[in-house]
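Peer 1: Each residue of the sequence shown is one higher than the one before, starting from 1 at the first, in full-length UniProt numbering. Note that CB positions come from ideal geometry on N, CA and C, so glycine has one too. Remember, it's a predicted structure, so these values are computed and weren't measured experimentally.
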Amino acid sequence: MMLERFGHGGDWHTAADLFGEREQWLDFSANMNPLGPPPHVHEALRSAWQTITRYPDPAVRELREKLASHHGISPDNILVGNGAAECIDLAMRVLKPRRLGLVRPAFSEYEEAAAKLGCELHEVYLKTENSFVLEEDLAVRLSDCCDTVILGHPNNPTGQLIPGASLRILLSSGSKLIIDEAFLDFSQEEETLSLIPEAARREGLIVIRSMTKFYAIPGLRLGYAVADAALIREMQKLQVPWSVNAMAQAAGIAALEDSEYAARTKQWLADERPWLTQALKGLGLTVYSGMPNYILFALPEDSPWTAASLQQALGRKGILIRDASHFRGLTNKFVRCAVRDRKDNEVLIVEMRKLLAAHP
1 MMLERFGHGG
11 DWHTAADLFG
21 EREQWLDFSA
31 NMNPLGPPPH
41 VHEALRSAWQ
51 TITRYPDPAV
61 RELREKLASH
71 HGISPDNILV
81 GNGAAECIDL
91 AMRVLKPRRL
101 GLVRPAFSEY
111 EEAAAKLGCE
121 LHEVYLKTEN
131 SFVLEEDLAV
141 RLSDCCDTVI
151 LGHPNNPTGQ
161 LIPGASLRIL
171 LSSGSKLIID
181 EAFLDFSQEE
191 ETLSLIPEAA
201 RREGLIVIRS
211 MTKFYAIPGL
221 RLGYAVADAA
231 LIREMQKLQV
241 PWSVNAMAQA
251 AGIAALEDSE
261 YAARTKQWLA
271 DERPWLTQAL
281 KGLGLTVYSG
291 MPNYILFALP
301 EDSPWTAASL
311 QQALGRKGIL
321 IRDASHFRGL
331 TNKFVRCAVR
341 DRKDNEVLIV
351 EMRKLLAAHP
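1) If I measure Cβ to Cβ from residue 422 and keep anything under 6 Å in the same chain, skipping five residues before and after, which residues do I get?
2) Residues in the same chain with beta-carbon distance under 6 Å from Leu195, minus the five sequence neighbours each way, listed in chain order, please.
3) Under the three-state reduction of DSSP, which class applies to Cys337: helix, strand or coil?
4) Would you list the one or two residues that DSSP bridges to Arg99?
5) Would you call Arg209 buried or exposed, if buried means 16 or more other Cβ atoms sit within 10 Å of its Cβ?
6) Less than 6 Å between C-beta atoms, sequence neighbours within five positions excluded: which residues of the same chain meet that for Gln71?
7) Would DSSP call Ile88 helix, strand or coil?
8) What ranges does the alpha helix (DSSP H) occupy inside the segment 269-349, keeping only unbroken runs of at least 4 residues that lie completely in it?
9) If contacts are defined as beta-carbon pairs under 8 Å, then residue 376 and Leu142 qualify, I think. What distance do you get, rounded to the angstrom?
10) Need the endpoints of the beta strand (DSSP E) that Lys176 sits in, please.
11) Note the first and the last residue of the continuous beta strand (DSSP E) segment covering Arg209.
12) Please report the straight-line C-alpha distance between Glu351 and Gln278, rounded to a whole angstrom.
13) What residues are listed by DSSP as bridge partners for Tyr125?
14) When you compare each of Asp27, Ala15, Val41 and Trp25 to Ile217 by their alpha carbons, which one comes out closest?
15) Give me the residue from Lys343, Arg64, Arg104 and Ala85 with the minimum Cα distance to Thr331.
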């Protein structure tokens, strides 16, 4: 049995099966905001429990209006879903790709959504020596042979943003695009980098957002898609009724009202990501540059350690990391870890140093 048997990190149930029951795990395998949910969300959920006696708003009107105001677009350009995963699935079903272009490594949900449709996949492999950046020649290859392209911005697990030149190639190609911005809200330059304004006015472009990572509410399942109004209407027709429950709607509304939380989160990441990056490099690891709240690193090729063996050793200590070799295009030396607060990050570094020193 492997920790990622369901394709994702943050699986405490499988961790308990593998390493024994614990009240708490130090979880670097899931990329959640370590600040926890905003205080406004706690307050909203304490009040919202009374609404479980009636159906939630099937059109998610209030949250869509809040999101529209937040992004400066119309509510008609927004569909709220049961996590970003549902939005990805709906986007694929609406665009109906015949040949889908994607990069490797990439988020597993893209391929899984494509498999349900039976469409042909065209893959391009990002180069380790170029830090997994989507270069212009790869963007041309994707746009030339695919009617639809799906990409992470930033990409998961590499953390790399799509360079501006490559984005321009894709946007001008005529291919339909799904851009997954699930982690972009962690960036200080989110407004400049986001394609949400473009998606609201352009046919054939869908932007996917998650609210569970930034606001640390993965158990509630909340995400949204932005596209032109006609595409949104088509996605709504395919969506299961009452897909977004009342508690999730209340949490999303409250989260958007807490601007101080967003500022604190971005400052935390600006402080902690560089610290953890340097600490990992200090262990002799190859760390790949990136923007979001997770880091991809590689163990030395001549090390006896693999991602799987390191995951097992840390798991026995109550620390969870992601074996990134399960992302196609990465070897058994690659690990992904979330950025957490300083205390947690120090524990990770101390325990990894002990393990790596014991078996150099």
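Peer 2: Put simply:
1) Only positions 1 to 360 of the chain appear in the structure, and residue 422 is not among them; the question remains open.
2) Taking the first residue of the sequence shown as 1, we reach residue 195 at position 195. So the qualifying residues of the chain are Ile179 and Val207.
3) Along the sequence shown, read from residue 1 onward, the residue named residue 337 stands at position 337. Strand.
4) The residue given as residue 99 occupies position 99 in the sequence shown. DSSP, once it has assigned bridges, lists Glu120 as partnering Arg99.
5) Locating residue 209 in the sequence shown gives position 209, where the first residue counts as 1. Counting Cβ neighbours within 10 Å, Arg209 comes out buried, since at least 16 surround it.
6) Residue mapping note: residue 71 aligns to position 71 of the sequence shown, counting from 1. It is His, not Gln, that sits at residue 71 in the sequence shown. Contacts found: Ile196.
7) Here residue 88 refers to the residue found at position 88 of the sequence shown. Of the three classes helix, strand and coil, the one that applies to Ile88 here is helix, per DSSP.
8) 307-315
9) Lying before the first or after the last residue shown, residue 376 is absent from the chain, which here runs from 1 to 360.
10) Counted from its first residue, the sequence shown places residue 176 at position 176. Counting along the chain, the beta strand (DSSP E) containing Lys176 begins and ends at Lys176 to Asp180.
11) Here residue 209 refers to the residue found at position 209 of the sequence shown. Leu205 to Ser210 is the extent of the beta strand (DSSP E) around Arg209.
12) By one-based count along the sequence shown, residue 351 stands at place 351. By one-based count along the sequence shown, residue 278 stands at place 278. Distance between the alpha carbons of Glu351 and Gln278: 16 Å.
13) As a first step, residue 125 is located in the sequence shown; it is residue number 125 there, counting from the start. Tyr125 is bridged to Arg104.
14) Here residue 217 refers to the residue found at position 217 when the sequence shown is read from its first residue. Looking at the Cα atoms, Val41 is the closest of the given residues.
15) Here the question's residue 331 lines up with position 331 in the sequence shown. Considering only alpha carbons, the answer is Arg104.
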